[in-house]
Amino acid sequence: MSGPTLNVPTGRAAGPGRPQGWRQWTLIGLAVTAAFLLLVMPLALIFARALSGGWDMLMANLADGDMQHAIGLTLLAALVTVPINVIFGVLLAWCVTRYSFRGRKLLLTLIDIPYATSPVVAGLCYLVVYGLESTVGAWFYARDIQLMFAWPGIIMVTVFVTSPFVARILIPLMQAQGSEEEYAALTLGASGWQIFRLITLPNIKWGLLYGVVITNARAVGEFGAVSVVSGAIRGKTLTLPLLIEQLNDDNKTVAAFTAAALLACMALVTLVVKTIMERRQERLGLRH
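Reminder that position 258 of the sequence shown reads as 258 in UniProt numbering, one-by-one numbering, no gaps.
Structural data, given as structure tokens:
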């Protein structure tokens, strides 16, 4: 006797089916409840506490000089970090996917150092290497260039912490795509820049944009490494995450939640952009 047959559409992968039975519905209910308690409720409370003093207090907190400086420094760190890591990530991905050379595996391992290193430890390492007591830091300081406890140090550690994201997204993507189209263009007389601009970049553009979004989100929210090298000087070296901590320590809870709400808004915008790009990639994948 033959068993029941399953009719699965051919030509494309079957999507998720509807849950059957109380066990599956229970698991779904637990997942939704956990997501609400751990994600939605804390986020909603941040905005509720930020508005607890009314719109006038909210606008006054946003107009505060320390808040404005922290916003500007946070955006500066992100605006400098993202282009640096885009260039670094593209070059690194190109090298390890298009060339075979001695030390390639070591280079792939080195990419993951920021993943494996605590941001606080990374900040301490930069403080030792580039601080005033180091040879490098003293050389710069003698020329009126201060790296640590100033905005350059904040950018340096932010670049370090976020450096693997673009490369780690592009490497498997470029490996999967192969280099046949690039070699064909090369045999037809295309230059290296033409190959990159007309073939490589269009093939990796959505992965690259995804890496930009993730890098930006990490740069804006970085706390550990920045707290070590910045000195947390209010009005000078405070980013938004550091300002939130200081305001909370000073019992200025409404102001702290205002800064937290602003940081959450940045994260939500990043999440929306990330979701749009993922759906765009899915549609392109279905077409091919």
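The beta-carbon is built from N, C-alpha and C at its ideal position, and this holds for glycine as well.
Under three-state DSSP, which class holds residue 148? coil
Using a Cβ-Cβ distance cut-off of 8 Å, determine whether residue 147 contacts chain C. Absent from the structure: chain C. Only one protein chain is present.
Could you compute how far the alpha carbon of residue 76 sits from the alpha carbon of residue 187? 43 Å
Does residue 248 come out as helix, strand or coil in the three-state DSSP assignment? helix
Do residue 245 and residue 158 come within 8 Å of each other at the CB atom, strictly closer than that value? no
Is the CB-CB distance between residue 148 and residue 40 below 8 Å? no
Return the chain-ordered ranges of every alpha helix (DSSP H) run that is complete within the stretch 42-112 and spans a minimum of 4 residues. 54-63, 65-98 and 104-111
Just to confirm, is the Cβ distance from residue 123 to residue 225 under 8 Å? yes
Distance, Cα to Cα, residue 214 vs residue 54? 33 Å
Distance, Cα to Cα, residue 20 vs residue 170? 39 Å
Indicate the three-state DSSP secondary structure (helix, strand or coil) for residue 236 in the structure shown. coil
Who are the near neighbours of residue 274 in its chain, counting only those whose CB is closer than 6 Å to its CB and skipping five residues on each side? 213
Cα-Cα separation, residue 239 to residue 71: 7 Å
For residue 92 versus residue 167, is the C-beta spacing smaller than 8 Å? yes
What did DSSP end up calling residue 18 once you bin it into helix, strand or coil? coil
When you compare the CB positions of residue 178 and residue 65, do they come within less than 8 Å of one another, or not? no
Does DSSP put residue 134 in a helix, in a strand, or in coil? coil
Enumerate in chain order the residues of its own chain whose CB-to-CB distance from residue 155 is below 7 Å, with the five nearest sequence positions on each side excluded. 77, 80 and 81
Run of the alpha helix (DSSP H) containing residue 207, from where it starts to where it stops: 201-221
Could you name the residues of the same chain whose beta carbon sits closer than 7 Å to that of residue 97, not counting the 5 residues immediately before and after it, in chain order? 171, 174 and 175
By DSSP, does residue 192 sit in helix, in strand, or in coil? helix
Kindly indicate which residue of 90, 61, 119 and 25 has the alpha-carbon position closest to the one of residue 210. 90
How big is the Cα-Cα spacing for residue 164 and residue 83? 13 Å
Ordered along the chain, which non-local residues of its own chain (more than five positions away) have a Cβ less than 8 Å from that of residue 326? Only positions 1 to 288 of the chain appear in this structure, which leaves residue 326 out of reach.
Around the Cβ of residue 282, are there at least 16 other Cβ atoms within 10 angstroms (buried) or fewer (exposed)? exposed
Shortest alpha-carbon distance to residue 114 belongs to which of 193, 269 and 85? 85
Can you look up residue 317 in the DSSP assignment and give me helix, strand or coil? Any question about residue 317 goes unanswered here, given that the chain covers just 1 to 288.
Beta-carbon spacing of residue 247, residue 259 below 8 Å: yes
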